Each structure stands twice: as structure tokens, then as C-alpha cells.
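Asks: Protein sequences appear in the order of chains A and B.
The first sequence begins at 9 in my numbering and counts up by one.
The second sequence begins at 248 in my numbering and counts up by one.
We put the beta carbon where it would ideally sit given N, CA and C, even for glycine.
Because the structure is a prediction, the values reported are computed rather than measured.
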Amino acid sequence: MKKSFPDMIISIVLLAFLTSMAVQVPAIPDVSKGYPIFLLGISYLMTIVLLLKSVSRMKLEEKQETKVVEQAKVIIPYCGLITVYLFMMTKIGYVVSTIAFMIISLLYLRLKNKVLMVILSVVTTALIYFVFTNFLVVILPRGSWL
Amino acid sequence: MENILIGFANVLQPMNLLICLGGLFVGVLFGALPGFSATMAVAIFVPFTYVMEPGAALLLLSALYCGGVYGGSIPAVLVGIPGTPASAPTAWEGKALVKKGEGGRALHLVTLASCFGGFWSSIALLVCAPLLAKIAKMVGQPEQMFVAIFGLSVVVMLAQDNLFKGCMVAFISLLLATFGQDPVEGFPRFTYGFSELTGGFSVVPVLIGLFSLPEVFKMLEDPFGKMTESGKVGSMKLRATDITNNIGNAIRSTIWGVVIGIIPAAGPDIAAFLCYNEAKKASKHPEEFGNGSPDGIVAAESGNNGVTGGSLIPLLTLGIPGSAPAAIFLGAMIIHGVRPGPTLFTQHADTVYTMIIGFALINLLMYFVGMFFCKCGSLILIIPKSILATVIVVLATVGTFATNKNMFDVWVMFAAGVIGYIMERNKFPTAPVALALLLGTTMEKSMSLTRTMYEGELHMVLTRPLALALLLLTVFSFAFPLIKIWRTNQKEKLRSND
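(1) Given this structure, state the Cα-to-Cα distance separating A:Glu73 from A:Met9, to the nearest angstrom.
(2) Measure how close the beta-carbons of B:Leu563 and B:Pro587 come, nearest whole angstrom, since I'm counting them as under 8 Å.
(3) If the cut is a Cβ gap below 8 Å, which residues of chain B does A:Thr140 touch?
(4) If we count the other Cβ atoms within 10 Å of its Cβ and call it buried at 16 or more, is B:His706 buried or exposed?
(5) How is the alpha helix (DSSP H) around B:Pro322 delimited, first residue to last?
(6) What did DSSP end up calling B:Gly578 once you bin it into helix, strand or coil?
(7) Would A:Pro34 count as contacting chain B if we go by Cβ distances under 8 Å?
(8) Pick helix, strand or coil for B:Pro572, following the three-state DSSP scheme.
(9) Within the chosen definition, does the stretch 441-461 of chain B reach the stretch 710-720 of chain B through at least 3 CB pairs nearer than 8 Å?
(10) Below 8 Å on C-beta distance, what does A:Leu128 contact in chain B?
(11) List the endpoints of the continuous alpha helix (DSSP H) containing B:Cys522.
(12) Once you ignore the five residues that flank B:Ala546 on each side, which residues in its own chain have a CB closer than 6 Å to its CB?
(13) Taking a contact to mean a Cβ-Cβ separation below 8 Å, would you say B:Cys362 touches B:Leu559 in this structure?
(14) Taking 8 Å as the threshold (C-beta atoms), are B:Gly314 and B:Gly278 in contact?
(15) Answer with yes or no whether the minimum CB distance from B:Ile419 to chain A is below 8 Å.
(16) Can B:Gly447 and B:Phe426 be called in contact, C-beta distance under 8 Å?
(17) Restricting to Cα atoms, I'd like to know which of B:Leu421, B:Gly318, B:Ile266 is closest to B:Leu685.
(18) Run down chain A in chain order and give the residues with a C-beta less than 8 Å from the C-beta of B:Asn673.
(19) For B:Pro712, I'd like the list of residues in its chain whose CB is within less than 8 Å of its CB, leaving aside the five on either flank, ordered along the chain.
(20) Here's a check: name, in chain order, each residue in its chain whose Cβ is nearer than 6 Å to the Cβ of B:Met660, leaving out the five neighbours to either side.
(21) Using a Cβ-Cβ cut-off of 8 Å, state whether B:Val638 counts as contacting chain A.
(22) With a floor of 4 residues, list each alpha helix (DSSP H) that falls wholly inside the stretch 670-718 of chain B, ordered by position along the chain.
(23) Just to confirm, is the Cβ distance from B:Gly341 to B:Val324 under 8 Å?
(24) Going by the C-beta, is B:Ile382 closer than 7 Å to any heavy atom of the ligand SAM?
(25) Check B:Gln428 in the structure and name its three-state DSSP category.
(26) Indicate whether at least one CB of chain A lies closer than 8 Å to the CB of B:Pro336.
(27) Rounded to a whole number of angstroms, what is the C-alpha to C-alpha distance between A:Met125 and B:Phe441?
(28) Nearest chain A C-beta to B:Phe292 closer than 8 Å, yes or no?
(29) Please report the straight-line C-alpha distance between A:Ile84 and B:Asn493, rounded to a whole angstrom.
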């Protein structure tokens with residue numbers, strides 16, 4: 009992968025994001041839109057400069073070997089695991105989802121001691137639940153499916 | 248003098264000392280948990296003070312406040328997650344010191360600098376309150392506007408290595424701060440149809456995500472074999488140079504902290520960033536900042552704890568709460584029949600001096616309580632990375648949920664974490680995001696109100712002495728690092744020509 013390739017991708021994504029904001033500007037009353045328009049203008053300008061710089065740099069650069077693909081193979085599934093955890097928290101509640109997440113996460117990250125894995129998951133979840141609900145008066149999600 | 252002695256006598260009563268210690272323990276715990284803050288600690292414990300004597304009640308709230316501001320720095324050092332936004336600069340330096348195996352030294356520095364800042368801010372509260380109250384009276388919207396712009400100047404210094412990307416991140420983050428109702432008219436902007444965005448992005452979830460999840464993903468970058476490895480705590484002993492080199496730095500940062508504390512809406516978060524920036528400017532080795540600089544830790548910690556005493560000055564002398572914790576203090580004081588204002592020091596001298604003397608003592612006791620927490624907390628470093636990564640995700644999730652009790656914030660935290668990781672990998676600084684989100688709304692509101700105040704004739708702002716002084720400071724703060732970068736580039740060019 010060329011060194012400036014990520015900058016190019018980031019600037020394209022940013023341009024799309026800024027455009028999604030620009031589309032909403034006409035709906036804002038005049039008195040409230042001056043400041044965001046100013047920031048939007050500068051952000052557009054800087055993102056375009058970054059895009060042009062990265063494109064011109066890429067032409068001169070040679071491909072480099074990186075570990076991006078290997079690292080992505082580990083990190084992306086873990087992000088998926090977190091996404092499922094957050095989604096399930098509202099469905100099956102904090103306690104069950106957190107115990108399940110912790111066990112799966114520790115298995116994925118190759119903790120060898122299985123007894124420790126289960127004890128740690130149950131004790132940590134219970135301790136956090138106790139502190140947050142009783143001591144800090146925060147009602148954690150109970151789950152809509154249960 | 249007589250009142251001061253009465254204050255001492257009240258504070259040194261065994262029950263009051265116990266209240267101070269208990270408040271500190273709970274306050275540090277609140278600060279250390281992501282998503283919780285000093286303000287929350289003070290708010291939750293107000294009802295408990297109803298049955299107490301006014302002096303004891305204010306001592307409890309002061310201990311919770313000071314402990315909460317300090318506590319955020321312990322996880323900032325140990326796992327790189329700032330318990331509160333004010334600990335973010337400490338996280339940068341603390342993390343680097345932990346990697347060098349000097350986590351113990353970093354924790355000791357944090358504790359010492361916090362106690363120093365907090366103690367001297369309480370002395371300022373005791374000695375200079377009437378004088379500093381005059382400054383507080385001079386602060387209006389134009390001054391708040393310049394404080395916000397001054398705060399943003401930190402971006403230039405923090406992003407010295409990649410100024411363009413730093414400024415770009417700052418502008419886009421300022422744009423993100425405009426999400427939700429505009430601060431003057433209340434019109435909802437850029438909500439994308441989400442009712443949760445009507446109030447804009449909550450800063451705490453974004454910061455928890457930005458500073459915690461990238462650490463987890465970085466742990467995952469290691470080959471799986473290393474996930475069972477653990478870190479080293481290292482000795483908690485300080486080097487002589489840690490103290491001798493940092494006395495001036497700590498004094499300067501404490502003064503900044505007190506002054507920022509006086510200004511309404513500018514709290515420990517802004518103080519920590521500003522003091523860190525000033526320390527970097529003054530340092531003989533600015534290149535060490537970001538790589539485990541003790542100066543950075545001392546500046547941020549003495550600065551953010553300096554705010555604690557400063558923020559109570561306008562409250563006690565004028566009855567104006569300049570920050571969220573100060574507003575809760577005001578409520579508690581009124582409940583106890585102690586009305587802050589110019590007559591407070593004569594009508595309720597015993598209560599107010601008990602509180603101020605207690606404030607100083609609390610900051611001294613904080614050293615011992617803090618070291619106890621640091622010694623217990625430092626055990627985190629010997630936990631294998633696989634366990635640490637899992638627990639960080641769970642704590643970040645629960646801590647974020649606790650902030651506003653909704654799952655939307657948790658998703659925002661997750662998105663901020665992923666974006667923060669991508670930014671770090673591609674050398675986009677994340678610090679400007681924190682600054683812009685913290686200062687964006689204040690800046691827009693004060694700009695808009697200043698324009699209305701002077702009916703568009705903004706040059707009239709310069710007739711206000713404090714605004715003028717802040718403007719000059721802002722210009723200097725923007726220009727200094729730029730000149731420094733330009734001079735370094737010139738030198739490098741000359742060297743390459745030779």
C-alpha cells in the first residue's frame with residue numbers, strides 16, 4: 009500500500025460527510041447558520057487540499073509492505089464482537105450480554121485458563137452491576153427480550 | 248485571623264477529619280471511573296448533607312470535588328483512559344511513561360502536582376478572594392469568547408508535528424460541536440433525523456471512546472501470543488529533577504488554574520490543556536512532550552486542580568456560580584442557610600472559614616489517599632493484556648451509559664473509538680477533537696452574544712481591558728509556535744544547504 013493512500017480515502021470520506029452536512033444548511037434559519045457555514049467552508053477547503061496533496065504524493069511514492077491486512081483480520085472481527093455486544097445489551101440486558109461478551113472476548117484473545125475466564129467474567133459483571141445500581145444509582149439495561 | 252483559627256479548630260475535629268477522608272475516598276473513586284465526574288459526585292451527595300452541620304456539609308462536598316478532579320488522572324496514567332476530560336493531557340504523558348516502565352513515577356507525579364495545585368488554589372481562595380473577585384466582575388461574554396479562542400490556540404502547539412492535519416481536525420471538530428440546538432436561537436442543526444442529537448454530541452462519551460478504544464485496538468495489533476503478557480509498574484520514587492525542574496512549572500500552572508477557575512464556564516478541562524500548552528512552550532525540551540514528559544503531567548495536574556479553589560471565588564464573594572460543581576455548592580449552601588455573596592465573610596465567617604481551611608487540608612490529605620489509590624490501582628498494570636482489553640471495553644460501555652443513561656451515547660462512544668484509532672494510525676492528532684468539543688459551544692454562544700452586545704461593532708470589544716489582555720495573549724499563543732516551527736524549518740534548510 010502507498011503511504012498516502014489512507015489520507016486519500018480519509019479525505020474522500022470526509023468530503024462525503026461534509027456534503028451530507030451542506031445539504032442540511034438551507035433548512036437552518038439565517039441567524040443560526042453563519043458560524044457553521046464558515047466552519048464548513050474551511051473544512052471543505054482543507055479536506056480538498058489534503059486530497060490533492062495525497063493524490064500528487066501517491067504518484068511519486070512506491071508501494072510499501074505493511075501489516076494492515078493481518079491487523080485488520082484481528083481488529084475487524086473484534087469490532088464486530090463489540091457491535092453485537094452493544095446491540096444485545098438492549099435485548100438481553102447488561103448482565104447476560106456482558107458475561108457472554110467477556111467470555112467470548114477472552115476466548116478470542118486466547119486466555120488459556122478457562123476457570124479464571126468464567127470466574128472473572130461473572131465476578132466483574134456482578135461487581136460493576138452492584139456498584140453502578142446500588143452505589144451510583146444507575147439502572148443498567150435490563151433487556152427487552154427478557 | 249480569629250476566624251481562621253476558628254476554621255482550624257472546626258476542621259481538626261475528629262468527625263470533620265473523617266468526613267474529609269471519606270469524601271476524598273469516594274471522590275477519587277468517582278473521578279477514576281470513566282463517565283463519572285467530580286460534578287456527579289458532589290450532586291449525588293448533596294442530599295446526604297441535609298442532616299449535617301453546614302461546615303461539615305461543605306467539607307464533605309469540597310472533599311468530593313477535589314477527589315473527583317484528581318481521581319480522573321489515575322486511570323489516565325494506568326490504562327490511558329482519562330476518567331474526566333481534564334485528565335486527557337495526563338493520559339498522553341502517563342501512557343508513555345508506563346510504556347517505559349515508569350508508571351509508578353508517573354502516578355506519584357500526578358498525586359504530588361494535584362495536591363500542590365489544589366493546596367495553593369485554596370490559599371488563593373483564603374488570601375486573594377476579594378481581589379480576585381474584582382477580576383471575576385470584569386468577565387463578560389467578550390472575555391469568555393477570547394478565553395475559548397485562547398484555549399483553541401493550544402491546537403497549534405499540540406499539533407506542531409503535523410500542523411495542517413491538526414488544524415483540519417480542529418475545524419471539523421468545531422463543526423461537530425455545532426450539532427444540535429444552536430446556543431442562541433435553539434434551532435436544531437445537523438440532527439440527521441435523530442432526536443438524540445437535538446442536544447448535540449455529549450462530550451464525555453466522545454472522549455471516553457476517543458481515548459479508551461484505540462488503546463484496546465492497539466493491544467490487538469500485537470500478535471496473539473503477546474496478549475497474555477503484562478506491564479511493569481516500576482518504582483514510585485521520584486527523581487530529584489522531577490521536583491527541582493518543575494517548581495516554576497507547577498507555580499505557573501496553579502496560577503493559570505486559579506485564574507481559569509474564576510472565569511465562568513471555563514473549568515478544569517480547559518485549564519489542563521492550557522497549562523500543558525504553556526509548559527510545552529516554556530520547556531527546554533518540548534520534543535519530550537507526548538513521549539513521557541514529567542513537565543506535561545505536572546502542568547496539567549497542578550492546572551486542573553488549581554481550578555478547584557478558583558472556581559469557588561466568584562461563588563463565595565459574589566454569589567455567582569462559575570461552574571457546575573460551584574452551582575451545586577450554591578444550592579447546598581442555600582439549603583443550609585448560608586447565602587454566598589459579599590456579606591458571607593462577616594455573617595457566616597465560621598462556616599466559610601471552616602470550608603476554606605478544610606479545602607487546604609483536604610488537598611494535603613489527598614496526597615496520602617491518592618498514594619493509597621495509586622498503589623492499589625497500579626496492580627492493573629500486571630494484568631494480562633487480554634483481560635485488560637476486555638475489561639476496558641466493558642467499563643467504557645457502562646461508564647458511557649451512566650453519563651446520560653442512554654444507548655445512543657454508547658454507540659457514539661464506539662464510533663468515536665473506531666474513528667480515533669483510524670486517526671491515530673494515520674497521524675491525525677486526536678487532542679484537537681477534545682478541545683474543539685469542549686470549547687466549541689462556548690465560543691459560538693459568546694461570539695453571538697458579543698456581536699449582539701456591540702450591535703455588530705466588534706472593535707468596541709477592545710475597550711474592555713481584560714478582553715484586550717486576553718486578545719494579546721491569544722495572538723501570542725497562536726504566533727509563538729508558528730514562529731518556532733518557521734525557525735526550525737529555516738535552521739533545517741540551512742543545515743541541508745551546508
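Replies: Considering the structure as presented:
(1) Here residue 73 of chain A refers to the residue found at position 65 of the first sequence. Here residue 9 of chain A refers to the residue found at position 1 of the first sequence. When rounded, the distance between both Cα atoms is 7 Å.
(2) As a position in the second sequence, residue 563 of chain B is number 316, starting the count at 1. As a position in the second sequence, residue 587 of chain B is number 340, starting the count at 1. The Cβ separation is near 5 Å, so the contact holds.
(3) Counting from 1 along the first sequence, the entry for residue 140 of chain A is found at position 132. According to the sequence as given, residue 140 of chain A is Phe; it is not Thr. Here the neighbours are Val645, Ala649.
(4) For the purposes of this step, residue 706 of chain B is taken as residue 459 along the second sequence, with counting starting at 1. Burial call: exposed.
(5) What you label residue 322 of chain B is simply residue 75 of the second sequence in a count that begins at 1. 320-326 is the extent of the alpha helix (DSSP H) around B:Pro322.
(6) Residue mapping note: residue 578 of chain B aligns to position 331 of the second sequence, counting from 1. DSSP places B:Gly578 in helix when its eight states are reduced to three.
(7) Translated into the one-based positions of the first sequence, residue 34 of chain A becomes position 26. It does not; no Cβ of chain B falls within 8 Å.
(8) As a first step, residue 572 of chain B must be located in the second sequence, where it is residue number 325. Here B:Pro572 sits in helix by DSSP.
(9) Cβ pair count under 8 Å is below three, so no.
(10) Taking the first residue of the first sequence as 1, we reach residue 128 of chain A at position 120. The answer, in chain order, is Ile634.
(11) Counting from one through the second sequence, the residue named residue 522 of chain B turns up at place 275. For B:Cys522, the enclosing alpha helix (DSSP H) has its first and last residue at 515-529.
(12) Taking the first residue of the second sequence as position 1, residue 546 of chain B is located at position 299. Spatial neighbours of B:Ala546 in its own chain (CB-CB distance under 6 Å, excluding positions within 5 residues in sequence) are listed in chain order as Asn496, Ser500, Cys522, Tyr523, Ala526.
(13) Position 115 of the second sequence, counted from the first residue, corresponds to residue 362 of chain B. Position 312 of the second sequence, counted from the first residue, corresponds to residue 559 of chain B. Contact: no.
(14) Position 31 of the second sequence, counted from the first residue, corresponds to residue 278 of chain B. Position 67 of the second sequence, counted from the first residue, corresponds to residue 314 of chain B. Yes, they are a contact pair.
(15) For this step, residue 419 of chain B is matched to residue 172 along the second sequence. Nearest CB-CB separation between B:Ile419 and chain A: below the 8 Å threshold.
(16) Residue 447 of chain B sits at position 200 when you count from the first residue of the second sequence. Residue 426 of chain B sits at position 179 when you count from the first residue of the second sequence. Their beta carbons are under 8 Å apart, which means B:Gly447 touches B:Phe426 by this criterion.
(17) The residue labelled residue 685 of chain B in the question sits at position 438 within the second sequence. The residue with the shortest Cα to Cα distance from B:Leu685 is B:Leu421.
(18) Counting from one through the second sequence, the residue named residue 673 of chain B turns up at place 426. For B:Asn673, the neighbours in chain A by C-beta distance under 8 Å run, in chain order, Pro14, Asp15, Ile18.
(19) The residue you call residue 712 of chain B lines up with position 465 of the second sequence. So the list reads Met385, once near-sequence residues are dropped.
(20) Position 413 of the second sequence, counted from the first residue, corresponds to residue 660 of chain B. Spatial neighbours of B:Met660 in its own chain (CB-CB distance under 6 Å, excluding positions within 5 residues in sequence) are listed in chain order as Pro452, Ile455, Gly456, Thr647.
(21) For the purposes of this step, residue 638 of chain B is identified with residue 391 of the second sequence, where counting begins at 1. Any Cβ of chain A closer than 8 Å to the Cβ of B:Val638 would place that residue at the interface, and such an atom is present.
(22) DSSP runs (the alpha helix (DSSP H)) wholly in the stretch 670-718 of chain B: 678-700.
(23) For this step, residue 341 of chain B is matched to residue 94 along the second sequence. For this step, residue 324 of chain B is matched to residue 77 along the second sequence. A contact, by the Cβ cut-off of 8 Å.
(24) Because no ligand of any kind appears in the structure shown, any question about the ligand SAM cannot be addressed here.
(25) On the second sequence, residue 428 of chain B is found 181 positions in, with the first residue counted as 1. If DSSP states are grouped into helix, strand and coil, B:Gln428 belongs with the strands.
(26) Here the question's residue 336 of chain B lines up with position 89 in the second sequence. Taking Cβ atoms only, chain A never reaches closer than 8 Å to B:Pro336, which makes this a no.
(27) Mapped onto the first sequence, residue 125 of chain A falls at position 117. Mapped onto the second sequence, residue 441 of chain B falls at position 194. In a straight line, the C-alpha of A:Met125 is about 39 Å away from that of B:Phe441.
(28) To locate residue 292 of chain B, count along the second sequence from 1; it is residue 45. Using beta-carbon distances, B:Phe292 does not count as an interface residue toward chain A, since no partner is under 8 Å.
(29) For this step, residue 84 of chain A is matched to residue 76 along the first sequence. For this step, residue 493 of chain B is matched to residue 246 along the second sequence. When rounded, the distance between both Cα atoms is 43 Å.
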